[in-house]
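Whatever position you read off the sequence shown (first residue = 1), add 392 for this note's numbering.
Every residue gets a Cβ at the ideal spot worked out from N, C-alpha and C, and that includes glycine.
This report refers to the structure that appears directly beneath it.
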Amino acid sequence: MGLFADRAGRIDSENAFKVGPYIRAVEAQGHDVVRCNLGEPDFPIPSFIKEEVKRQIDLDNTHYCDPQGIPSLRTAIARQISETRGVPADPERIVVFPGAKPPIGFCQQTYCDSGDEVVYPSPGFPIYESFIPYVGARPVPVHLKEENAFSLSGAELAPCLSDKTKLIFLNFPSNPTGGVASPEQLQELADVIRSRCRDDVRVFSDEVYEHIVFDGYRHHSILACPGMERNTILVGGASKSFSWTGGRIGWALFPTREEAEVFKNLNINYFSCTAAYNQEGVRLGLESPETPAAIRAMVDTFRLRRDLVVDGLNAIPGIRCLKPKGTFYVFPNVEGICRNLGIFDAFASLPPESRQSTSPSTLLQMFLLFVHFVATMDRKSFGRIGAEPYHYLRLSIATETEALKKGVARIAAAAKDREGFRRFFEKGEHLY
Ligand SMILES: Cc1ncc(COP(=O)(O)O)c(C=O)c1O
């Protein structure tokens, strides 16, 4: 009998949280690192939300509160969902969590028994894949393709579905690719889900980036497809829309009140409740007439940065980068750089057990960080299973514009630095 239960070794992680110590180590040697690794907007919370949170604390709204989420916030969320998705949303079917992340694992614990299948996008938010072995379910990644702008068609999803499918994760706009889906595509996905899956399949529609879209694109949800309200768990949050990752407020609308009760009880067991003063701040964020302008200012900045970074990356030999329609990430194909720098050969020369824990894009990520001082994320940080043939990096543009210019210039220099990569690899440090 060991110290840890078996399941403790079956959960993965989110590498974005692991890069921080590496960055600090590089900075401790006197280098300034351009941080293109961050998954959070680099803006303050809109000031009217800040004021409301302060006011709520002054009102001593600092005690335990409704574990399902305070009724005024659930009402505001229900109204926002009904207005934007065109389907009725009952506040009693909504549960508020400390962020949009907890419902990912909670849903797997609640709906999946061992052997049930969980379908999820790859590349995708890593927590979808992370939890699957933990709950003993079977992972079924759907590999999103660059040639389809990292979106997903019914034909691609269909072979992954069966009557064993219990949970399907969808994420548009998508982390890490910025891919979005059109209403026609969502209808196609809905049709294929209906025809191939059990009636009680659940679709976890992660829409945390719903407000961060560009070029006149409007966000669409599978919840709006006829009949899908019976299967869809719609998930949203304040982290991205209100630039408030530290406030830890997210939510889910469940198909039934009965399900909401189960998740409310999980909240009771794990957290008791989430901070009422922050919930009031989010409530104001959802209701205030000042909100659209605040979000637009942030999104306009992201759009300018996206254009700058995508154009800059595409000018570098060995990189090919699509212009994403949403989120604050770009996801360049770096296969050409890996070839030009000799990274594939270096990777192939590693012993088999070392190859298991790294990848060509990981070697590039580490080379960029430790030699050229740009922090990025490798492909396998967004789903490991079946990722071997794919060579991408995720760059966050939630970093000040001047720093981004510097970052692109450093990547351009790195792309030519074959000798530098050889020395870095031979040193043998930070290859994972
Ligand atoms: C797709 C996706 N879902 C959920 C989350 C979790 O967000 P939160 O901060 O609300 O827990 C993130 C955060 O990066 C994300 O990218």
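- Beta-bridge pairing by DSSP links residue 769 to 786.
- By the Cβ test, the stretch 800-817 is not in contact with the stretch 585-592, since fewer than three Cβ pairs between them sit closer than 8 Å.
- For residue 460, the CB contacts under 6 Å within the same chain, skipping 5 residues up- and downstream, are 487, 656 in chain order.
- Residue state for residue 624 is assigned as strand, using DSSP reduced to three classes.
- Minimum Cα-Cα distance from residue 472 among the listed residues 640, 511, 644 corresponds to 644.
- Residue environment analysis places residue 675 among the buried positions, since at least 16 neighbouring C-beta atoms fall within 10 angstroms of its C-beta.
- Within the chosen limit of 6 Å, ligand 1 does not reach the beta carbon of residue 532 with any heavy atom.
- Taking a C-beta distance under 7 Å as the contact criterion, residue 526 and residue 399 qualify as a contact pair.
- Taken from the Cβ of residue 598, at least one heavy atom of ligand 1 lies inside 6 Å.
- Counting only the Cα atoms, residue 609 lies some 36 Å from residue 808.
- In the three-state DSSP reduction, residue 563 falls in the strand class (E or B).
- Minimum Cα-Cα distance from residue 639 among the listed residues 495, 788, 666, 727 corresponds to 666.
- By the Cβ criterion, the stretch 572-583 is in contact with the stretch 599-613, since at least three pairs of Cβ atoms, one from each stretch, lie closer than 8 Å.
- With a cut-off of 6 Å, the C-beta of residue 717 is classified as distant from ligand 1, since no heavy atom of the ligand falls inside that distance.
- With a 10 Å radius around the Cβ and a threshold of 16 neighbouring Cβ atoms, residue 444 comes out buried.
- Taking a C-beta distance under 7 Å as the contact criterion, residue 786 and residue 769 qualify as a contact pair.
- Residue 393 is classed as exposed because its beta carbon has fewer than 16 other beta carbons within 10 Å across all chains shown.
- When secondary structure is reduced to three states using DSSP, residue 780 falls in the coil class, being assigned neither helix nor strand.
- Looking from the CA of residue 407, the closest CA among 540, 771, 627 belongs to 771.
- CA-CA distance, residue 463 to residue 481, rounds to 13 Å.
- Judged by pairs of C-beta atoms under 8 Å, the stretch 726-736 touches the stretch 749-766, as three or more such pairs exist.
- In the DSSP secondary-structure assignment, residue 644 is bridged to 487, 627.
- Relative to ligand 1, the beta carbon of residue 563 is positioned inside 6 Å of a heavy atom.
- Excluding the 5 residues flanking it on each side, residue 542 has same chain C-beta neighbours closer than 6 Å at 536, 569, 571, in chain order.
- An exposed status is given to residue 660, since fewer than 16 other beta-carbon atoms sit within 10 Å of its beta-carbon.
- Beta-bridge partners of residue 588 (DSSP): none assigned.
- Residue state for residue 558 is assigned as strand, using DSSP reduced to three classes.
- Excluding sequence positions up to five before and after residue 485, its CB lies within less than 6 Å of the CB of 645, 646, 649, 652, all in the same chain and listed in chain order.
- In terms of side-chain proximity, the C-beta atom of residue 517 is found nearer than 6 Å to a non-hydrogen atom of ligand 1.
- Residue 493 has its CB nearer than 6 Å to a heavy atom of ligand 1.
- Looking at the DSSP output, residue 535 sits in a beta bridge with 514.
- Relative to the Cα of residue 823, the nearest Cα in the group 790, 793, 748, 794 belongs to 748.
- Here the distance from the Cβ of residue 570 to the nearest heavy atom of ligand 1 is not below 6 Å.
- Apart from sequence neighbours up to five positions away, the residues of its chain that approach residue 538 with a beta-carbon distance below 7 Å are 714, 725, ordered along the chain.
- Apart from the 5 residues on each side of it in sequence, residue 762 sits with its Cβ closer than 7 Å to the Cβ of 418, 816, 822 in its chain, given in chain order.
- By the CB criterion at 7 Å, residue 629 and residue 654 fall outside the cutoff.
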